[in-house]
Structure formats: structure tokens, C-alpha cells
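Protein chains in written order, with my numbering: chain A, 218 to 684; chain B, 9 to 579; chain C, 98 to 397. All residues carry an ideal CB built from backbone N, CA and C; glycine is no exception. What follows is one structure encoded as C-alpha cells, with my remarks underneath.
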């Protein structure tokens with residue numbers, strides 16, 4: 218009895234300690250939030266009628282934000298942390314009855330995902346009609362798949378070979394402009410220009426890769442960033458060829474191997490051929506399957522290459538370059554192939570992008586794109602195709618879905634535009650996910666060969682490369 | 009036996025005049041050595057001697073500043089490694105290496121590590137990826153074959169159960185073995201191992217020895233290894249090259265190298281006083297004196313001092329004075345100090361040294377008095393001018409011993425104890441060194457009088473009770489040699505070092521004992537052997553190496569052949 | 098010749114600003130080995146802090162002496178950016194310290210994106226022009242030197258001297274250098290590593306805030322996306338000088354400033370950034386660790 222009393226007293230003490238602590242932390246958080254926001258939120262610079270800057274005061278908003286920070290921190294310390302702690306303890310205390318069998322969903326994740334991807338347009342068309350489906354297929358399906366392909370391409374360079382590339386978007390741009398220029402100038406077909414764009418990008422990969430082979434780590438990162446910027450600046454300034462910032466428009470659409478096209482005016486327009494109602498959605502669905510197949514090609518090649526000597530050499534290079542050299546591996550060639558093959562997929566994605574948009578401008582190839590692609594690779598778990606696909610879906614889909622959240626206008630008033638917060642949330646999400654899972658969604662690595670049993674390699678052992 | 013060995017002992021690797029400079033620092037200076045096919049060649053030396061740099065030059069990680077590294081393939085093709093990029097050295101010249109700090113692909117499985125090592129072969133089989141990607145060509149078969157080879161080496165390395173675990177998950181010893189297995193998967197002709205036994209426990213170390221011997225016997229790969237663990241070096245290597253400060257100080261079979269005073273000095277990384285002790289034991293005052301004049305403060309004892317400690321008291325035998333050596337900075341190299349000692353000893357009459365010695369003694373040790381007081385007595389009672397002309401007579405402890413032997417008195421047994429004790433004292437040098445008493449004792453004995461040594465004896469006894477306790481017994485057990493001479497016949501001694509097992513140090517000692525000629529040794533009887541062994545602190549070696557037979561032969565030839573001839577016959 | 102000297106002075110002005118930002122990159126890199134990608138945006142926040150302070154000052158007092166205004170702007174901006182950088186380090190970098198190398202890089206990029214978009218959301222996406230604060234221009238032997246340029250160079254020099262003193266002569270600087278060499282050992286010797294790192298971030302942010310204030314004063318306009326280009330240039334400068342080396346950062350900043358002003362003066366203004374980046378690439382190809390960086394010794 219007495220023991221119980223002291224026990225509960227102790228618990229009560231602990232609880233009050235936690236609360237005191239939480240209140241203090243909450244106050245600190247409020248104070249810091251006040252300091253952070255007082256100028257930038259509390260005072261807004263606005264232009265008046267005479268085009269002069271004036272200060273608009275928003276103390277109410279500031280108060281709300283400070284309050285959110287304080288209360289949020291308080292709740293986190295007072296409730297969330299003890300809860301997490303309790304769960305962890307419960308988990309640790311629970312008898313270890315982890316079955317070796319993974320759940321059905323986990324085991325068949327790839328198959329299920331693949332089936333879903335193939336059925337996606339059908340499902341969307343069935344649920345939201347022909348016109349209603351356009352947005353979903355284009356903004357979500359195609360958009361996400363482009364990023365998946367880009368991230369898978371970059372994964373070869375960063376995830377497998379461990380070469381930090383901050384200028385990957387340059388190859389995307391090369392592919393896009395290759396198709397845009399040659400397609401508009403000579404009217405060549407997409408099916409010819411797709412491999413051409415890939416080859417062109419691969420060539421640029423080698424050209425840019427060659428001088429930077431000696432560089433390692435952050436020096437490599439900055440030089441690749443510089444190359445990315447150089448290519449963008451050249452696209453902006455070489456107006457005679459690239460038309461500068463205005464970009465190139467009127468890029469021809471892709472045809473279905475010439476059998477039928479997606480231009481309403483053409484005699485073999487798909488609606489005419491199949492005698493179905495005219496709609497822009499056919500082209501989108503076609504593009505969706507096209508990018509899906511391109512993604513699968515990327516995945517297939519990547520998986521295949523990993524089981525080949527060159528793929529193993531990439532990973533070995535990531536783990537230890539000096540050891541690689543001691544084993545007779547030509548690291549220069551190995552790095553260049555990684556650059557070239559990664560760039561090639563970037564080029565494919567670029568030419569697809571040009572075909573899909575019908576318009577390219579340097580605006581689409583800013584550093585932010587490189588950063589986003591790299592973020593997807595790292596968030597997904599370097600080297601893991603599944604993880605990267607998940608990361609692309611979460612990050613790109615998550616921010617795209619903000620556009621759809623018109624109901625927020627009801628909460629924040631009609632002038633509220635959720636899209637504005639897209640990149641802000643994207644940036645914050647990058648931070649949160651990374652702090653939560655520093656090794657990305659899928660941290661483990663699949664071995665490429667095994668003697669008895671395929672066991673995933675824990676991320677604790679894999680390295681991230683130094684060059 | 010020599011002929012048989014020669015047939016396959018053509019050099020696989022020839023390093024000639026190799027120099028490597030980093031800025032102003034000379035890491036390797038004009039180094040030449042050979043590694044013979046089918047042998048295990050060990051490269052040893054104190055920390056910072058440049059061993060790993062030599063490796064990096066051989067394997068192409070560094071481009072040497074000067075020199076030539078020639079590798080001869082099995083087919084007789086000769087490749088100049090210093091002109092090849094590192095990966096080509098492995099691919100074309102078939103030189104594989106491991107690293108001092110294990111460099112595995114820790115995030116890849118053990119099996120994958122071994123497959124990466126077969127990169128070039130598989131690259132070819134996969135048609136440089138293109139055919140393999142399309143599923144054409146022989147890649148599938150080659151891939152299965154490479155897994156078989158990996159499995160073979162996994163079995164050798166006793167890692168086959170761990171094949172599918174990440175390499176980073178293995179224990180340290182297993183990682184070492186895996187690194188060797190991985191190097192072997194490149195199918196090398198020369199395997200370079202950088203401290204393969206570092207950090208291994210004795211059992212793992214023994215397993216490693218077996219593995220290396222097995223590689224040598226069965227895979228046709230020759231091995232070049234850097235090692236600190238002397239048990240590994242002595243047990244498995246056929247040939248040892250010793251480096252110090254980037255120069256070669258010794259080269260030969262493990263036993264001879266182990267006994268080379270320069271190696272001992274270099275390896276013990278002795279302090280000045282300790283060098284002195286070594287020298288006292290070896291017997292030379294000029295160097296001691298010189299050391300005092302030029303103290304070497306810059307170089308403390310190296311941390312590997314323990315490694316050869318056992319061998320010093322154990323055996324002093326042949327050393328190779330004819331190897332090339334280049335002086336680094338004066339007083340830096342311990343081996344050099346020994347060399348300079350030898351050179352000085354040959355040129356300077358010892359008589360002149362004595363006053364200097366006395367003058368210097370006060371500055372050196374606090375216990376000046378006994379030495380000084382001993383001095384006059386020395387002069388009076390020292391009659392053996394003949395002995396003095398010989399550098400050998402300078403071995404102070406041996407002097408004490410000579411006294412014992414010639415007089416046959418039991419009293420100086422304590423002194424002979426001291427003399428013998430000087431040898432173990434090198435091993436114990438670190439603990440014994442601070443004791444001033446050890447030094448004056450040495451100084452006195454250098455002065456060389458039995459009388460002088462007497463006052464010192466109690467002190468020495470106090471300093472090293474253990475040695476003392478042991479030695480009188482040894483002295484009692486070992487009677488005097490039967491056929492000693494006061495001076496060599498005709499004033500000219502035979503070159504005893506021509507006998508395998510006798511080095512210059514022991515030659516001097518034997519001379520001090522009154523042994524100058526081959527026929528004297530040839531005439532030794534069992535008792536004499538025992539006596540000699542006691543003085544030289546050898547146990548059973550004289551018999552084992554059959555000095556008498558050697559001596560008989562040499563006496564018959566009656567000539568002092570150039571030592572080089574004998575050297576060729578060694579090994 | 099006069100034209101050349103003129104460009105030299107322009108380059109010096111620009112280079113001073115780059116140098117101030119570059120120090121922040123290089124210090125953070127030196128101490129925790131990561132590229133603080135958000136640093137450019139910290140600079141932008143500093144410029145915005147100075148802008149808002151300026152508007153408040155003008156609104157409150159109508160007329161303020163320029164020196165006082167500049168000083169207050171700088172101090173407020175410094176406080177603001179210090180708080181931002183301190184918070185960012187605590188929230189986004191500290192939990193990932195010792196974790197795998199790309200993770201803090203990604204959070205840094207995330208923070209950079211978040212910061213610029215935060216300012217965009219709260220302050221609007223438009224350019225923010227202010228009336229010129231100092232308009233005096235001196236004519237020295239046919240070369241026109243504006244008072245703004247003099248202020249920039251003088252302030253930068255003064256700051257560098259103070260900063261040099263802090264890093265080289267105080268125990269704080271010693272602690273920083275110790276953490277740079279070996280964080281674990283420094284901790285064992287009783288240095289509060291967390292605090293030292295926080296102070297490093299605060300110092301970097303303060304310099305960036307001064308750079309932001311000077312930038313606002315010099316160009317008279319700022320926009321939410323202004324963090325990126327000067328940020329990347331300053332980062333380039335830091336790498337060019339040898340990342341981790343503080344004198345290198347200043348040297349690199351000046352070099353980038355000179356290259357830009359010379360290229361726009363003699364070649365094409367369109368390609369000035371291309372020139373800067375190309376020179377970076379060329380320098381790094383021949384000097385893989387920058388002009389003053391410690392060469393990365395490949396230990397085999």
C-alpha cells in the first residue's frame with residue numbers, strides 16, 4: 218500500500234516535472250518564434266499607390282504564429298515525447314516474436330505497385346470521366362513518373378557510384394533542348410530523337426565528367442552545380458539558337474509510331490482512326506504509358522547493371538575508391554560510365570518532357586530541380602529503386618495535392634492560395650523526413666549476388682561515397 | 009639445395025635505386041632489393057621507416073621520384089611498374105595488395121567483395137557490359153565461374169559461412185583474411201600484404217601463417233609482406249629486408265637479419281644510453297664517446313621497441329656488413345650509429361680513446377667516482393697491449409670474462425655475471441636505463457680492467473640482481489675453454505665470421521676469449537662448446553650449426569675468402 | 098587604364114560582399130564539414146531584416162543620419178540572421194550530426210527552399226526597392242568612386258580585422274579551430290562542442306547579415322530569391338579559395354568579384370556568371386582543393 222503511494226507520488230512528480238519542463242520549453246519556443254517572425258511576419262513590406270515601400274503591420278498573425286509554436290512545442294514535450302517513449306519501451310519489453318515472414322504487402326510491394334501503375338489511367342478515367350481524369354493523369358501520374366525516372370537516373374551517379382552531382386538537371390536540359398531544337402527544325406520524329414537525346418546527354422555527361430574526375434566530395438558537388446548553371450546560362454544567353462528565356466514552343470507531339478497521331482487536324486488522328494470522341498486525354502494517357510515504360514526501362518537497366526561487373530564496380534567505388542584501384546578497376550572509366558549512363562536517362566526524361574510540354578525554356582532547368590531530384594534520391598534511400606519511387610510519389614504528389622486543396626480557402630479566406638505554400642512545405646518536408654529517417658525510406662541494400670541466401674545489407678554498413 | 013632453390017628463385021620483383029621524396033622529406037632513399045619468385049619476402053623496419061611507401065610505389069599509388077621497379081611475369085615478360093597507373097599494375101602486372109587499414113567494401117557482402125576483385129575478367133566476359141546487358145555472350149558462364157573462384161578462396165579463408173553477410177559485419181581477423189582472399193581473387197603473381205597480422209590474436213595470427221604458406225605453396229603467388237609481428241616474419245618469411253629511415257640496413261634470411269646489430273639498434277629504437285649499452289655489449293668506446301658528444305634528442309625510442317627484444321639476449325650471430333648502406337642524417341639512424349662505431353673502431357687506436365673516455369665520464373654519469381678511482385688501477389694492471397690493438401678487445405663485459413677465463417678464479421664470477429648481464433640488459437633496457445649504476449659499470453668495464461671492474465661489480469649486482477643470480481651459476485657450470493691463445497699466431501687472426509652463425513660481434517667475443525683461429529674452433533670438445541655457448545649465451549647453436557666442421561673446412565682452405573662468397577652460399 | 102581601375106574598384110566592392118558571405122560557408126564547412134546551403138538565404142533574410150528596419154526607422158523618425166541608420170540596420174539584421182542560423186542548426190543539422198554525409202546536405206537544401214519561400218509568402222514575391230541611402234560620388238583622377246563603395250570596403254575590412262582577431266587570438270577562436278581539427282578530442286578536452294558550433298553559425302550569419310545590409314544599400318533593391326545567386330557565387334568563392342580556409346574565402350570572394358566585373362566590362366555581361374563558374378571549374382581541375390585549401394592527402 219505504502220509502496221503504491223510512493224510509486225504514484227513518484228509518477229505524479231515525474232508528470233509534473235514533464236509538465237514544468239514542457240511549459241518552459243513552450244515558452245522558449247514562443248520566444249524564439251517571436252524573434253524569428255517579428256520582422257518578417259509582423260511587418261510586411263508593401264508598395265503603396267506611389268510605388269513606395271510601406272510597412273503593413275500584422276501583429277495578429279504574428280501572435281497566432283507565436284502561439285502555434287509555443288503550444289506545439291509544449292504539446293510535443295508534454296504528450297508526444299512521453300508517448301513515443303512509452304511505445305518504444307512497450308516494444309522493447311514485448312517478447313521478440315518477429316516472424317521472418319514479411320507481410321504480404323511488403324513482400325509483393327513491387328508487383329502491387331506495378332499493377333497499380335498500369336491500371337492507374339483506367340481507374341482514373343472510370344472514376345472521374347474523360348475530361349476530369351486529365352488533371353490526375355497529367356499532374357500526378359506523368360509528373361511523378363518524370364521525377365521517378367530522373368531520380369532513378371541520378372541514383373546511378375549518386376546512389377550507386379557515390380558521386381555527388383548537383384547539376385543533374387543539365388542533362389535533363391540537354392535532352393529537352395535536343396528534342397525541341399531538332400524536332401522543330403527538322404521535324405524529326407520523337408522515336409528517332411529519343412535515343413539521340415539520350416546519346417547527346419551521355420556525351421555531355423562524359424564531357425562534363427572528364428575534367429571533374431579528380432575532384433572529390435564537395436568540390437565535385439560545386440563543380441557539377443557550376444556546370445548545371447553554365448548550361449542554363451548558355452541556354453538563356455545563346456539567343457540565336459535557343460531563343461533565350463522565351464524558350465522554344467511548338468514542339469511536335471509524339472505519334473504512336475506513325476500509326477496514329479494526337480493532333481486533331483491530322484488525318485490519322487486517334488479519334489478518327491478509332492472513331493471515338495475527340496479529347497486531349499488520349500495523348501495524356503499515351504504519354505503516361507510512355508513515361509511508365511521509360512521508367513521501367515531505367516529500372517530494368519539499373520537492376521541489370523548492378524548485377525554486372527560495371528555496376529558492382531560503381532558500388533565498390535562508392536565504398537572505397539582506393540581499394541577499387543588496388544583490384545585493377547579503372548576508376549576513371551567506371552566513373553565516366555556512371556556519369557554517362559545517368560546522364561543518358563536524364564536525356565531520355567528531358568526529351569519526353571519537351572514532348573509532353575510542347576514548350577521548353579531555361580526556366581524549367583534551374584538548380585532547384587537538381588536539388589529536388591537529389592532530395593528524392595536521398596530521401597528514398599540511396600540505391601533503392603523502390604524507396605526512390607516512394608519518395609518521388611510522396612514529395613511530388615504531396616506538393617501537387619496542395620493545388621487540389623481548395624477547401625482551405627474556406628478556412629483561411631478566399632485570398633488564400635495553397636499553391637503558394639507548395640515549395641515552403643516541400644522544403645520543410647525535406648528537413649523533417651531527413652531528420653526522421655537519415656538513411657531514407659529504404660535504407661537497406663539488396664546484394665547483387667549470393668551464395669546461400671539473399672540478405673539485405675543494413676545501411677549501417679554502406680557508405681555514401683566521397684567523390 | 010642451393011641449386012634447387014636457385015632454379016625457381018629468379019627475382020619476380022626487382023627494386024632498384026628507388027627514391028621517394030615528399031617535398032623535402034626523403035621517405036625512401038636509394039633503396040634496392042629483390043623479391044624472389046615462390047618466396048615470402050618480408051619488409052620490416054621501425055615505424056616510419058618507409059615500408060608502406062615502398063608498397064605504395066610498387067603498387068602504383070605513389071609515383072617514385074627515382075628508381076626502377078621491374079616485375080617479371082611468369083612468362084618472362086618484364087614490366088616497369090613505376091611507369092604504370094595503379095589499376096594497370098593489378099590488371100596487367102598481376103600485383104595485388106592489401107592495406108594497413110583494412111579497405112573492404114563494407115556495405116557489400118563478402119561474396120560481392122570477391123566478385124568485384126574479378127572485375128576485369130568479368131568485364132571482358134560481359135563484352136564490356138553491352139553484350140551482358142542484352143543477355144548475350146558468355147557472361148552467365150563467366151559469372152558462375154567467378155562465384156566458384158570466390159567460393160574457393162572463401163573456403164581457404166574460412167569465411168564460406170559468412171559469404172552473404174556484409175563485409176563490414178565481420179570480425180577484425182576475418183576482415184583481414186577476406187582482404188587477402190579478395191586480393192587473391194585477382195589471381196596475382198605477387199601478393200603484397202601490408203601488415204596482415206596487425207591486430208590479430210595469436211590464434212588468428214597462426215591461421216594467417218597457414219594461409220600465407222598455403223598461398224605460397226599452392227597458388228604460385230609470391231608474397232611480399234610488411235609485418236611488425238616477428239613471429240610471423242620469422243616463421244614464414246624466406247627473406248627479410250630491413251628498412252630504417254627509408255634506407256636498407258639489412259637484407260638476408262630471417263636468422264641473420266635478426267642478429268644484425270644494426271637491425272637491433274634500429275629496431276630497439278634505443279635511446280642514447282641504450283645504444284650505449286648495446287655498444288658496450290658489442291664493445292666499443294669510441295661510439296659511446298661520440299654519442300655523448302652528439303646526443304640525439306630528436307629521436308626517442310620507437311614504439312616498436314619490444315618487437316625484437318627477445319632476440320638480443322637470445323643470439324648474436326652473423327651480420328652482413330657488406331650490404332649497401334647510405335647515411336641519412338648523422339645520429340638519426342640507430343643502425344648508422346652502430347656502423348660508425350665499427351668504422352671508428354677500425355681507424356682509431358683505442359689508446360687515444362681512453363683519456364677521452366675518462367674525461368667524458370664525469371659529464372655523463374653521476375657516479376663518476378668509482379670510474380675515476382678505477383682508472384689508475386686500470387693502467388697499472390692492464391698488460392695486454394696485444395689485445396688492445398684489436399678492436400675486439402674493447403668489449404668491456406668480455407674483458408671481465410677474459411679475466412675469469414685466463415685466471416680461472418671464481419671470484420670474478422660476479423663480473424662475468426655483469427658481462428653476461430649486459431646482454432639481457434639491452435632487452436631490459438627500458439626499465440634498467442634510469443639507473444646510473446648501469447652506466448658507470450659500463451664505463452669502467454670499457455676501461456677494461458678486471459681490477460677496475462671489481463668496485464663496480466657490487467653496483468651492477470645491485471642493479472640487476474636477477475642477472476647476477478643467474479650468471480654465477482652459468483659461470484660455474486661453464487669451465488674455461490681449453491685451447492685459448494694469448495694472441496693470434498703471427499699476429500693475424502682468421503676471419504671467424506666466415507663460419508656460419510658467427511657474426512662480427514661474436515668474433516670479437518671469441519677473440520677476447522682467446523679464440524683467433526679456425527683450428528682452435530675445430531679442435532673444440534664438448535666442454536669447450538658448452539663454455540663457448542655460455543659466454544655467447546647460445547644454447548645448442550654451435551652444435552646445430554656445426555661450427556667445428558665448418559671451421560675444419562675453413563682451416564683446411566686456410567685462406568680468408570671474401571665474405572661475399574659465403575654470403576652467396578647462405579640461404 | 099582608368100576604365101580598368103574603375104572595374105577593379107567595382108570588383109573589389111562586389112568581391113567584398115561575396116567574401117563576407119563566403120566566410121560563413123567556409124567556417125561552417127571547416128567545423129562540421131557540411132555545405133550550409135541555406136547560408137545564401139540567410140544572407141537574403143539579413144537583407145530583408147535591414148530593409149524592414151530601414152522602413153521602420155524612416156517611418157518612425159522621418160529623417161535619420163545615414164551612419165546611424167546603417168548601424169541600426171546592420172545590428173538588427175545581425176540579430177535576426179543569428180537567430181535564424183542558430184535555429185536552423187539546432188533543428189535541421191544537429192540531429193544529423195555524425196550521420197551520413199548527404200543527410201545534412203539535403204536538410205540544408207530543404208532549409209534553403211523553405212527560407213526563400215517563407216520570405217516569399219510573408220513578404221510577397223515582388224522586388225523591394227528603397228530610395229538610395231548614399232548617393233555621393235567622388236572623382237579621383239578620373240575614376241569615380243561612390244561613397245557606397247567606400248563604405249562597403251571599409252566595413253568589410255573592419256569586420257575582417259575583428260573577425261581575424263576573434264578566430265586567431267581569443268579562446269573562442271581556439272575552441273573553433275580545435276573543433277575543426279578533431280571534434281571528439283576537443284570535447285574530451287572540455288570544449289563545449291555544441292556551443293562552439295552554434296557560435297560558428299552565429300558568426301557566419303552575422304557576417305552574412307552585414308553583407309545583406311551592404312547589398313541592399315549598394316543595389317537598393319532586394320527580392321526573396323536573392324539568396325540563391327549571391328549564395329552560389331559566395332559558395333563558389335569559398336571553394337575557389339579552398340573551402341575551410343578563411344583567408345581563402347576572402348581571396349576567393351575578391352577573385353570572383355574581379356572576374357565578374359572584368360568580364361562584364363571587357364566581354365559580355367550576359368556571360369559573367371558563366372565566366373565565374375568556368376574559372377572555378379578550371380581552377381579546381383588544376384588545384385583540386387582550391388587556392389588556399391589544405392590538399393586532401395589520399396592516405397593509402
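Am I right that residue 565 of chain A and residue 415 of chain A are in contact with their C-beta atoms under 8 Å? What's the rounded C-beta distance? For the purposes of this step, residue 565 of chain A is taken as residue 348 along the first chain, with counting starting at 1. For the purposes of this step, residue 415 of chain A is taken as residue 198 along the first chain, with counting starting at 1. Rounded, the Cβ-Cβ distance is 5 Å, consistent with contact.
Residue 386 of chain C versus residue 674 of chain A - alpha carbon distance: To locate residue 386 of chain C, count along the third chain from 1; it is residue 289. To locate residue 674 of chain A, count along the first chain from 1; it is residue 457. Cα-Cα distance, rounded: 34 Å.
Answer yes or no: the CB of residue 377 of chain A versus the heavy atoms of the ligand MN, is any distance below 7 Å? Only the bare structure without any ligand can be found here, which leaves the ligand MN out of the picture.
Which of the three DSSP states is assigned to residue 282 of chain C in this structure? As a working mapping, residue 282 of chain C is identified with position 185 in the third chain. Residue 282 of chain C: helix per DSSP, three-state reduction.
Check whether chain A comes within 8 Å of residue 329 of chain C, counting only Cβ atoms and requiring the distance to be less than that. As a first step, residue 329 of chain C is located in the third chain; it is residue number 232 there, counting from the start. Yes - at least one Cβ of chain A is within 8 Å of the one on residue 329 of chain C.
Can you look up residue 21 of chain B in the DSSP assignment and give me helix, strand or coil? Here residue 21 of chain B is taken as the residue at index 13 of the second chain, counted from 1. The answer is strand: DSSP assigns residue 21 of chain B an E or B state.
Closest to residue 429 of chain A by CA distance: which of C:364, C:113, C:379, C:131 is it? Here residue 429 of chain A corresponds to residue number 212 of the first chain, with the count starting at 1. Per the Cα distances, C:379.
Would you kindly work out how many angstroms separate the C-alpha atoms of residue 339 of chain C and residue 552 of chain A, rounded to a whole number? As a first step, residue 339 of chain C must be located in the third chain, where it is residue number 242. As a first step, residue 552 of chain A must be located in the first chain, where it is residue number 335. About 24 Å.
Within 8 Å (strictly less), CB to CB, does residue 160 of chain B reach chain A? Within the second chain, the letter at position 152 stands for residue 160 of chain B. So, not an interface residue.
Assign residue 680 of chain A to buried or exposed, taking buried as 16 or more other Cβ atoms, counted over all protein chains shown, within 10 Å of its Cβ. One-based indexing of the first chain puts residue 680 of chain A at position 463. With 16 or more Cβ atoms within 10 Å of its Cβ, residue 680 of chain A is classed as buried.
In the DSSP assignment, what residue or residues form a beta bridge with residue 247 of chain B? Taking the second chain and counting its residues from 1, the one referred to as residue 247 of chain B is at position 239. DSSP output for residue 247 of chain B lists B:49 as bridge partner(s).
With residue 359 of chain C as the anchor, note down where its alpha helix (DSSP H) starts and where it stops. Here residue 359 of chain C refers to the residue found at position 262 of the third chain. Start and end: 343-363.
As assigned by DSSP and simplified to three states, the class of residue 563 of chain B: Indexing the second chain from 1 puts residue 563 of chain B at position 555. It is helical.
Check whether the Cβ atoms of residue 206 of chain C and residue 178 of chain C sit closer than 8 Å, and answer yes or no. Here residue 206 of chain C refers to the residue found at position 109 when the third chain is read from its first residue. Here residue 178 of chain C refers to the residue found at position 81 when the third chain is read from its first residue. Not closer than 8 Å, so no.
Distance cutoff 8 Å, beta carbons only. Does residue 491 of chain B sit that close to anything in chain A? Reading the second chain from its first residue, position 483 is the one you call residue 491 of chain B. Not one chain A Cβ lies under 8 Å of residue 491 of chain B.
Ignore the nearest five residues each way along the sequence and tell me which others in residue 102 of chain B's own chain have a CB closer than 6 Å to its CB. By 1-based counting over the second chain, the position of residue 102 of chain B is 94. 196, 197.
Whose CA, out of A:586, A:360, A:336, lies closest to the CA of residue 390 of chain A? Here the question's residue 390 of chain A lines up with position 173 in the first chain. Ranking A:586, A:360, A:336 by Cα distance to residue 390 of chain A puts A:586 first.
Would you say the stretch 340-355 of chain C touches the stretch 165-177 of chain C, given that touching needs at least three Cβ pairs under 8 Å? no
Starting from the beta carbon of residue 588 of chain A, find every residue of chain C whose beta carbon is closer than 9 Å, and list them in chain order. Here residue 588 of chain A refers to the residue found at position 371 of the first chain. Those within 9 Å of residue 588 of chain A in chain C are 134, 203, 206, 207, 209, 210.
In this structure, what does DSSP give as the bridge partners for residue 404 of chain A? Locating residue 404 of chain A in the first chain gives position 187, where the first residue counts as 1. In DSSP, residue 404 of chain A forms no bridge with anything.
If we define contact as Cβ-Cβ less than 8 Å, is residue 440 of chain A a contact residue for chain C? For the purposes of this step, residue 440 of chain A is identified with residue 223 of the first chain, where counting begins at 1. So yes, residue 440 of chain A belongs to the interface.
Are the stretch 535-549 of chain A and the stretch 80-99 of chain B in contact at 8 Å, needing three or more beta carbon pairs? yes
By DSSP, does residue 200 of chain B sit in helix, in strand, or in coil? Within the second chain, residue 200 of chain B is the residue found at index 192, counting from 1. Reduced to three states, the DSSP call for residue 200 of chain B is strand.
For residue 406 of chain B, count the other beta carbons within 10 Å of its own beta carbon; 16 or more makes it buried, fewer makes it exposed. Which is it? Counting from 1 along the second chain, the entry for residue 406 of chain B is found at position 398. Any reading at residue 406 of chain B needs caution, since the residue's pLDDT is 35, under 50, leaving its predicted position unreliable; the model's value is listed next. That one is buried.
Would DSSP call residue 480 of chain B helix, strand or coil? What you label residue 480 of chain B is simply residue 472 of the second chain in a count that begins at 1. Low per-residue confidence applies at residue 480 of chain B: pLDDT is 42, beneath 50, and the placement is therefore not dependable, though the value from the model is reported in the following sentence. Residue 480 of chain B falls in the helix class under three-state DSSP.
Starting from residue 192 of chain C, find everything on chain A with Cβ-Cβ shorter than 7 Å and list it in chain order. The count along the third chain starts at 1 and reaches residue 192 of chain C at position 95. Residues of chain A passing the Cβ test: 652.
Using a C-beta to C-beta distance shorter than 8 Å, which residues of chain A count as neighbours of residue 91 of chain B? On the second chain, position 83 is the one that residue 91 of chain B refers to. Residues of chain A passing the Cβ test: none, with the nearest at roughly 16 Å.
Quick check: the stretch 213-232 of chain B against the stretch 156-168 of chain B, are there 3 or more CB pairs under 8 Å? yes
Cross-chain neighbours of residue 204 of chain B in chain A, by beta carbon under 8 Å: As a working mapping, residue 204 of chain B is identified with position 196 in the second chain. Here the premise fails: no neighbours, minimum Cβ distance about 14 Å.
Uninterrupted alpha helix (DSSP H) stretches inside the stretch 431-500 of chain A (no shorter than 4 residues): 434-454, 456-459, 487-491
Please check if any C-beta of chain B sits within less than 8 Å of the C-beta of residue 669 of chain A. Residue numbering aside, residue 669 of chain A sits at position 452 when the first chain is read from its first letter. Yes, because at least one Cβ of chain B sits closer than 8 Å to the Cβ of residue 669 of chain A.
Nearest-angstrom Cα separation, counted from residue 244 of chain A out to residue 423 of chain A: The residue you call residue 423 of chain A lines up with position 206 of the first chain. The residue you call residue 244 of chain A lines up with position 27 of the first chain. Straight-line Cα distance between these residues: approximately 55 Å.
What does a CB cutoff of less than 6 Å around residue 647 of chain A pick up in its chain, not counting 5 residues either side in sequence? The residue you call residue 647 of chain A lines up with position 430 of the first chain. These residues qualify, in order along the chain: 592.
With 8 Å as the threshold, decide whether the Cβ of residue 264 of chain A is near any Cβ in chain C. By 1-based counting over the first chain, the position of residue 264 of chain A is 47. Judged by the 8 Å Cβ criterion, residue 264 of chain A is in contact with chain C.
Quick check: is the beta carbon of residue 287 of chain A nearer than 8 Å to any beta carbon in chain C? For the purposes of this step, residue 287 of chain A is taken as the residue at position 70 of the first chain. No, residue 287 of chain A lies away from the interface with chain C (no Cβ there is under 8 Å from its Cβ).
At which residues does the alpha helix (DSSP H) containing residue 580 of chain A begin and terminate? Here residue 580 of chain A is taken as the residue at index 363 of the first chain, counted from 1. Run containing residue 580 of chain A: none; DSSP gives neither H nor E here.
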